[in-house]
Amino acid sequence: MSLVEMIAQADARGLAASGLACLDRCIPLLDGDDDVLRPLWATLADGDGQGWGEGLEQVRGKLAGPDAAGEDEAVLLARRMLAAAPAGHAAAEVRVWADACSVASLRIHRLLDPASGDAAGGEIGREGRTEGLSPLVAAELRRQVTVLELLAGHGTAGLRGALEVATEGRRVLRAVVSRRSRGRG
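Each residue of the sequence shown is one higher than the one before, counting from 104 in the numbering used here.
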């Protein structure tokens with residue numbers, strides 16, 4: 104099943120976790136600490152989504168950055184993911200956000216991967232095949248699929264695994280961002 108099909112079939116919690124996991128992996132671009140999104144993960148674990156909107160506003164306040172004029176495309180994409188997060192848990196609005204986060208996160212990984220060659224190239228396929236993708240992008244595609252599989256197969260119990268996948272991806276992206284900033288300096 105393709106990533107697009109998995110997003111189309113996911114329930115509201117799976118969609119929220121998918122979008123949140125994409126955002127979590129991109130937190131290094133927003134200079135966020137590793138625990139900044141924990142309250143949002145907790146609201147998903149509680150099951151009723153109470154506190155999501157309030158937690159989202161707190162996160163936005165903590166990650167408010169400088170004027171976007173001086174930021175590169177990867178940072179702008181991460182900021183848009185956060186800005187577009189819906190305050191509610193209606194499946195339709197969360198589905199749009201999760202899909203947009205999937206595309207943005209793959210694009211971010213493509214922009215940051217020195218092995219990707221043409222970072223400005225066309226859209227990244229989300230069929231689930233990784234042939235022809237750079238290592239960083241292929242790993243991100245696999246992580247997105249894994250998160251959706253965990254939530255589809257285990258419901259709320261899959262949240263722990265989804266968070267672990269997000270944490271692993273965040274560590275990888277933090278190393279890439281660090282290497283990139285050293286290369287510029």
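Ideal Cβ placement from N, Cα and C applies to all residues, glycine included.
Item                                                                                                                                                                         : Value
For L147 and E174, I'd like the C-alpha separation in whole angstroms.                                                                                                       : 31 Å
With DSSP as the reference, label A223 as helix, strand or coil.                                                                                                             : Low confidence applies to A223: its pLDDT is 48, below 50, so where it sits in the model is not reliable enough to give any reading.
Apart from the five residues just before and just after D202, which ones in its own chain have a Cβ nearer than 6 Å to its Cβ?                                               : I110
Could you tell me how far apart the beta carbons of L133 and A181 are, in whole angstroms, since I believe they sit closer than 8 Å?                                         : 5 Å
Count Cβ pairs between the region 262-274 and the region 154-162 that sit closer than 8 Å; are there 3 or more?                                                              : no
Count the other C-beta atoms from every protein chain shown that fall within 10 angstroms of the C-beta of H212, then say buried if there are 16 or more, exposed otherwise. : buried
Judging by CA-CA distance, which residue of V139, A269, R282, R277 is the nearest neighbour of Q161?                                                                         : V139
Closer than 6 Å by C-beta to W144: which residues in its own chain qualify, once you throw out the five before and the five after it? Chain order, please.                   : L266
Quick one: what's got a C-beta closer than 8 Å to L251's C-beta in the same chain, skipping five residues either side?                                                       : L106, M109, I110, A113, G117, S121
By the 10 Å Cβ neighbour count, where 16 or more other Cβ atoms means buried, how is R141 classified, buried or exposed?                                                     : exposed
Less than 7 Å between C-beta atoms, sequence neighbours within five positions excluded: which residues of the same chain meet that for A223?                                 : Only weak support is given to the placement of A223: the predicted model assigns it a pLDDT of 48, under 50, and the value that follows is read from those uncertain coordinates. Correct list: empty, nothing qualifies.
Comparing alpha-carbon positions, which option in L179, W200, G150 lies nearest P189?                                                                                        : W200
What would DSSP say about E94, mapped onto helix, strand or coil?                                                                                                            : Nothing can be reported for residue 94, as the shown portion of the chain is limited to 104 through 288.
Pull up the distance between the alpha-carbon of D136 and that of I130, whole angstroms please.                                                                              : 7 Å
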